[in-house]
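Asker:
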Amino acid sequence: MTGVQALEDEGRALLAAGKPEEAEQRARQALAGGSGGVNCWHLLAVALRQQGLFEECRQIYELLVDKLPGNLTLRFELAETLLLMGEFERGWREYHHRYGMPHTVQLERRVQRPRWDGRPIPGKTLLIHDEQGYGDTFQFLRMVAWAKERSQARVVLQINAEQVAFARRSAGADELVLRGQLPPPFDVHCEMMSLPMAMGLTLSDLPGGIPYLSAEPGRVKRWRKRLAKLPKPLVGLVWAGRPTHLNDANRSVTLDTLAPLAAPLAADGGTFLALQKGPAAVQALTPPAGMRIERLDGEIADFEDTAAILTIADLLISVDSAPVHLAGALGRPAWVMLPSVPDWRWLLEREDTPWYPTLRLFRQPSRGDWGSVSQSIAAELRKRRKTG
1 MTGVQALEDE
11 GRALLAAGKP
21 EEAEQRARQA
31 LAGGSGGVNC
41 WHLLAVALRQ
51 QGLFEECRQI
61 YELLVDKLPG
71 NLTLRFELAE
81 TLLLMGEFER
91 GWREYHHRYG
101 MPHTVQLERR
111 VQRPRWDGRP
121 IPGKTLLIHD
131 EQGYGDTFQF
141 LRMVAWAKER
151 SQARVVLQIN
161 AEQVAFARRS
171 AGADELVLRG
181 QLPPPFDVHC
191 EMMSLPMAMG
201 LTLSDLPGGI
211 PYLSAEPGRV
221 KRWRKRLAKL
231 PKPLVGLVWA
241 GRPTHLNDAN
251 RSVTLDTLAP
261 LAAPLAADGG
271 TFLALQKGPA
281 AVQALTPPAG
291 MRIERLDGEI
301 ADFEDTAAIL
311 TIADLLISVD
321 SAPVHLAGAL
331 GRPAWVMLPS
341 VPDWRWLLER
351 EDTPWYPTLR
361 LFRQPSRGDW
371 GSVSQSIAAE
381 LRKRRKTG
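First residue of the sequence shown: 1, per my numbering; consecutive thereafter.
1) Does Val341 come out as helix, strand or coil in the three-state DSSP assignment?
2) With distances taken from CA atoms, which of Trp335, Pro365, Pro342 is nearest Tyr356?
3) Determine whether the beta carbon atoms of Leu273 and Gly236 lie at a separation below 7 Å.
4) Grab the span of the alpha helix (DSSP H) containing Glu89 for me, first residue to last.
5) Please state the DSSP three-state secondary structure of Leu359.
6) Report the residue from Leu330, Val324, Ile293 whose alpha carbon sits nearest the alpha carbon of Thr389.
7) Whole angstroms are fine: how far does the CA of Asn250 sit from the CA of Asp369?
8) Do the stretch 129–142 and the stretch 200–216 touch if we need at least three Cβ pairs shorter than 8 Å?
9) On the three-state DSSP scale, how would you describe Phe140?
10) Can you list, in chain order, the residues of its chain whose CB lies under 6 Å from that of Val416, leaving out five sequence neighbours each side?
11) Quick check: the Cα distance between Leu255 and Leu126, rounded to an integer number of angstroms?
12) CB-CB under 6 Å to Glu175, same chain, minus the five flanking residues each way: which ones, in chain order?
13) If you count every other CB in all the chains shown that lies within 10 Å of the CB of Val238, and 16 or more means buried, which is it?
14) Using DSSP bridges, identify the partner residues of Thr271.
15) Between Arg179 and Gln158, how many whole angstroms is the CB-CB distance? I'm expecting something under 8 Å.
16) If we require 4 or more residues per run, which alpha helix (DSSP H) segments fall completely within the stretch 6–32?
17) Out of curiosity, what's the CA-to-CA distance linking Ile317 and Ile377?
18) Tell whether a beta-carbon distance below 7 Å holds between Lys229 and Gly270.
19) Please classify Phe383 as buried or exposed, where buried requires at least 16 other C-beta atoms within 10 Å of its C-beta.
20) Is there a Cβ of chain C sitting closer than 7 Å to that of Pro122, yes or no?
21) Beta strand (DSSP E) containing Leu315: first to last residue?
22) What is the rounded straight-line gap between the Cα of Pro402 and the Cα of Leu68?
23) For Leu285, which residues of its own chain have a beta-carbon under 8 Å away from its beta-carbon, when the five flanking residues on both sides are left out?
24) Let's see if you can read the secondary structure: which residues bound the alpha helix (DSSP H) around Ile60?
25) Is it buried or exposed for Pro365, if we count other Cβ within 10 angstroms and need 16 for buried?
26) With 16 other CB atoms within 10 Å as the buried threshold, where does Lys225 fall?
27) Report the residue ranges of all alpha helix (DSSP H) runs contained in full by the stretch 172–209; include only those spanning at least 4 residues, in chain order.
28) Just to confirm, does Ala145 get its C-beta within under 6 Å of one of the non-hydrogen atoms of the ligand GTP?
29) DSSP three-state call for Thr286: helix, strand or coil?
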């Protein structure tokens with residue numbers, strides 16, 4: 001093994017161990033002798049990104065993509081960096097390469113029709129199909145109506161069964177078909193998250209009409225009755241995302257991390273609603289001292305129940321998760337806990353988000369510092385009580 005290869009291997013191990021500063025040092029050592037190749041430059045870019053050094057990271061990715069335009073992994077990582085920095089024009093173009101990576105290529109739906117390029121196509125049929133996670137679909141459902149207006153086409157929306165009812169109550173689609181079912185004949189298609197590229201989405205186009213999704217009235221009535229006797233205010237809590245998400249270790253916390261929130265809401269006489277699903281939901285059985293929490297995971301059958309609860313609750317406090325996007329799409333207030341290097345959609349150095357005007361962002365001041373985030377939210381809960 002060469003010295004350069006050893007440094008690169010050490011650097012990747014350090015990245016995996018959450019030590020990007022040391023990984024950066026190894027990458028720079030490997031490159032200093034002039035013999036480090038593309039892999040060393042890529043290691044350096046990733047190490048810089050994990051430290052929040054986005055400008056230098058972006059410059060390295062642009063250099064790599066210029067030299068290796070066919071490496072779609074590099075192009076996708078450049079896209080995420082550009083979008084995070086708010087550079088939408090090129091970011092959406094590069095984001096189109098998201099299905100060219102080894103771990104995502106099997107997810108691509110190969111459609112034997114042209115992709116819509118954003119031009120009017122009156123008299124034609126446009127198939128829009130959802131993709132990726134539930135949060136992505138909640139976020140980009142707003143664009144179906146925009147695509148309908150721009151294309152002047154008949155729009156068929158292919159969507160997963162868990163979210164089809166929301167699409168049925170929203171505007172834009174002339175026909176709905178479930179994912180996995182054969183759609184009717186169509187002339188052009190577009191992935192839901194390629195609509196920004198096709199339509200040239202800019203920050204100034206956001207957020208559009210809010211709310212653009214609604215809860216089912218019958219569910220709201222049922223949950224209003226279920227929650228009626230709980231002490232108010234009602235604050236929903238989600239402390240962990242989907243465990244299989246590639247970045248879940250950086251975005252999820254434990255319920256104990258939110259212990260500072262207990263006293264301010266208790267002083268206000270309120271109740272936390274545990275909206276958490278999945279393995280982490282069991283943590284609500286042993287909440288932090290003084291936290292009055294109502295565990296609801298066994299009663300929440302689907303997103304329709306979550307939407308109804310969010311419609312009734314006074315506030316949602318959550319890590320980056322699908323319920324956050326659902327709250328924003330419903331026009332409901334939510335406070336979002338973000339890691340120091342967040343997902344691209346949350347941009348940088350701002351407490352608001354152009355995607356959802358009812359959301360407020362609480363960012364880690366440094367990598368891994370969820371304690372400061374919890375303390376900041378606790379302080380805001382105290383202020384909310386004083387001004388409420």
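Just so you know, even glycine gets a beta-carbon here, dropped at the ideal spot from N, CA and C. As the structure is a computational prediction, the values presented were derived from the model and not from experiment.
Answerer: With the given structure in hand:
1) Within the sequence shown, residue 341 is the residue found at index 341, counting from 1. Of the three classes helix, strand and coil, the one that applies to Val341 here is coil, per DSSP.
2) Numbered from 1 along the sequence shown, position 356 holds the residue referred to as residue 356. For the residues Trp335, Pro365, Pro342, the minimum Cα distance to Tyr356 belongs to Trp335.
3) Here residue 273 refers to the residue found at position 273 of the sequence shown. Here residue 236 refers to the residue found at position 236 of the sequence shown. It is a contact, given that the beta carbons lie within the stated cut-off.
4) As a working note, residue 89 is residue 89 in the sequence shown. Taken as a continuous stretch (DSSP letters only), the alpha helix (DSSP H) holding Glu89 covers 88–95.
5) Taking the first residue of the sequence shown as position 1, residue 359 is located at position 359. The answer is strand: DSSP assigns Leu359 an E or B state.
6) Since the displayed the chain opens at 1 and closes at 388, residue 389 lies outside it and no answer follows.
7) Numbered from its first residue, the sequence shown carries residue 369 at position 369. Numbered from its first residue, the sequence shown carries residue 250 at position 250. Roughly 10 Å separates the two Cα atoms.
8) yes
9) Mapped onto the sequence shown, residue 140 falls at position 140. Phe140: helix per DSSP, three-state reduction.
10) Examination of residue 416 is not possible in this model, given that the chain is present from 1 through 388 alone.
11) Position 255 of the sequence shown, counted from the first residue, corresponds to residue 255. Position 126 of the sequence shown, counted from the first residue, corresponds to residue 126. A direct Cα-to-Cα measurement between Leu255 and Leu126 gives close to 44 Å.
12) If you number the sequence shown from 1, residue 175 lands on position 175. Once the five neighbours on either side are set aside, the close Cβ partners of Glu175 are Val156.
13) Position 238 of the sequence shown, counting from 1, holds the residue named residue 238. With 16 or more Cβ atoms within 10 Å of its Cβ, Val238 is classed as buried.
14) Taking the first residue of the sequence shown as 1, we reach residue 271 at position 271. DSSP, once it has assigned bridges, lists Leu234 as partnering Thr271.
15) Position 179 of the sequence shown, counted from the first residue, corresponds to residue 179. Position 158 of the sequence shown, counted from the first residue, corresponds to residue 158. Taking a contact as a CB-CB distance under 8 Å, the pair Arg179 and Gln158 counts as one, their CB atoms being some 6 Å apart.
16) Counting only runs of 4 or more, we get 20–32.
17) By 1-based counting over the sequence shown, the position of residue 317 is 317. By 1-based counting over the sequence shown, the position of residue 377 is 377. In a straight line, the C-alpha of Ile317 is about 9 Å away from that of Ile377.
18) Residue 229 sits at position 229 when you count from the first residue of the sequence shown. Residue 270 sits at position 270 when you count from the first residue of the sequence shown. No.
19) To locate residue 383, count along the sequence shown from 1; it is residue 383. What sits at residue 383 in the sequence shown is Lys, not Phe. Lys383 should be labelled exposed.
20) Of the chains in the structure shown, none is chain C; there is only one protein chain.
21) The count along the sequence shown starts at 1 and reaches residue 315 at position 315. 315–319 is the span of the beta strand (DSSP E), which, as asked, contains Leu315.
22) Since the first and last residues shown for the chain are 1 and 388, residue 402 lies out of range.
23) In the sequence shown, counting from the first residue as 1, residue 285 sits at position 285. Counting only Cβ-Cβ distances below 8 Å, and skipping sequence neighbours, we find Arg295.
24) The residue given as residue 60 occupies position 60 in the sequence shown. Note, Ile60: alpha helix (DSSP H), 54–67.
25) Residue numbering aside, residue 365 sits at position 365 when the sequence shown is read from its first letter. The residue in question, Pro365, is exposed, as its Cβ has fewer than 16 Cβ neighbours within 10 Å.
26) As a working note, residue 225 is residue 225 in the sequence shown. By the 10 Å Cβ count, Lys225 comes out exposed.
27) 195–199
28) Ligands displayed in this structure: none; no statement on the ligand GTP is therefore possible.
29) On the sequence shown, residue 286 is found 286 positions in, with the first residue counted as 1. Coil, per DSSP.
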